[in-house]
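Since the structure comes first, as structure tokens, the remarks are kept for the end.
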Amino acid sequence: MDKSFTLGHVLSAGAVGLLTGYFFSQSTLKHSKNKELRSDTKATEDKKKTKGEDKKPKDSSKKDKKEKKEEQDLIEEDSEDYSENDEDFTDEDSEDEENEDLADFDHEEEYKMVLIIRTDLNMGKGKAAAQCCHATLANYKELNKKSPKTLARWEYFGQAKVTLKVDNEEDMLLLQAQAMSIGLAAHSIRDAGRTQIAAGSRTVLAIGPGPISVVNSITGKLKLY
Numbered sequence: 001m002d003k004s005f006t007l008g009h010v011l012s013a014g015a016v017g018l019l020t021g022y023f024f025s026q027s028t029l030k031h032s033k034n035k036e037l038r039s040d041t042k043a044t045e046d047k048k049k050t051k052g053e054d055k056k057p058k059d060s061s062k063k064d065k066k067e068k069k070e071e072q073d074l075i076e077e078d079s080e081d082y083s084e085n086d087e088d089f090t091d092e093d094s095e096d097e098e099n100e101d102l103a104d105f106d107h108e109e110e111y112k113m114v115l116i117i118r119t120d121l122n123m124g125k126g127k128a129a130a131q132c133c134h135a136t137l138a139n140y141k142e143l144n145k146k147s148p149k150t151l152a153r154w155e156y157f158g159q160a161k162v163t164l165k166v167d168n169e170e171d172m173l174l175l176q177a178q179a180m181s182i183g184l185a186a187h188s189i190r191d192a193g194r195t196q197i198a199a200g201s202r203t204v205l206a207i208g209p210g211p212i213s214v215v216n217s218i219t220g221k222l223k224l225y
């Protein structure tokens, strides 16, 4: 009796152990699968997120290209408008042709430039100053090509500039012709006519730079502006 009871007890205990092991292994397997599933889901989400981030710069790039194209189209339209209305579009103030007989002075004295302003036009101070800048640049460009030595000497002595005045265009043109005849750079500026005065009006005459004695031989009798 005791022997059979002991054997039955052992068998029952073994069956319980097998069932417990089976359910434990199934639970472990299920947990592992759930973990793998969560891992795969997270990896998929990360991949989608990364693709989304990669896509944003492309969309931004497309937007930038579109804006640039629209801007370029506007520029081209403006250019076409100007070309179709040439009569309404005037160039900047212009100067005379260069002096073909420009002299290369070699005087041991200081150099200066004079800017001769017409008083009969009654230009405002700002307008006159702007025209003086145009005239100065015109002479500078010519000398930079033909006589850099003259420019170097003028710059060495501080780029002296003196503003003088003349009563009318006729007197201005006479001074210009005299200056050019002795080899000085001389440009008179013709205004574009956008403000204050009529288009084509000669506003300022620049003479030089050149040796002071040479420039004074042309402009020595003029009064300061």
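Under UniProt numbering, think of the first position of the sequence shown as 1, with each following residue one higher. Beta carbons are placed, not taken as given, at the ideal position from N, Cα and C, and that holds for glycine. Since the structure is predicted, the reported quantities are computational estimates derived from the model, not experimental observations.
Are the CB atoms of residue j and residue i within a distance shorter than 9 Å?
| i | j | result |
| --- | --- | --- |
| S147 | D101 | no |
| Q196 | L115 | no |
| I212 | E110 | yes |
| G220 | M113 | no |
| residue 231 | L164 | Within the shown structure, residues of the chain are numbered from 1 to 225, placing residue 231 beyond reach of any answer. |
| S188 | L205 | yes |
| L184 | V162 | no |
| K125 | T203 | no |
| I117 | C132 | yes |
| T119 | D167 | yes |
Looking at the structure shown, is residue i part of a helix, part of a strand, or coil, going by DSSP?
| i | result |
| --- | --- |
| K221 | coil |
| L143 | helix |
| R153 | helix |
| A138 | helix |
| A186 | strand |
| L102 | coil |
| L173 | helix |
| S83 | Residue placement at S83 is poorly supported in this model, since its pLDDT is 38, which falls under 50; the coordinates are not used for a value here. |
| A198 | coil |
| N216 | helix |
| Q159 | coil |
| G126 | helix |
| D78 | Confidence at D78 is low in this model, with a pLDDT of 46, below 50, so the placement of that residue should be treated as unreliable; the coordinate-derived value is given next. Here D78 sits in helix by DSSP. |
| K66 | helix |
| D91 | Because D91 sits at a pLDDT of 43, beneath the cut-off of 50, its placement in the model cannot be relied upon, and the point is left open. |
Opposite residue i in the DSSP bridges: which residues?
| i | result |
| --- | --- |
| P211 | Y111 |
| L164 | I116, L224 |
| L205 | I116, S188 |
Just confirm the distance between the C-beta atoms of residue i and residue j, as a whole number of angstroms; I'd bet it's less than 8 Å.
| i | j | result |
| --- | --- | --- |
| S201 | R190 | 7 Å |
| N99 | M180 | 5 Å |
| H176 | A186 | It is worth fixing the name first, because residue 176 is Gln in this sequence and not His. With 8 Å as the limit, Q176 and A186 qualify as a contact, their Cβ atoms being about 5 Å apart. |
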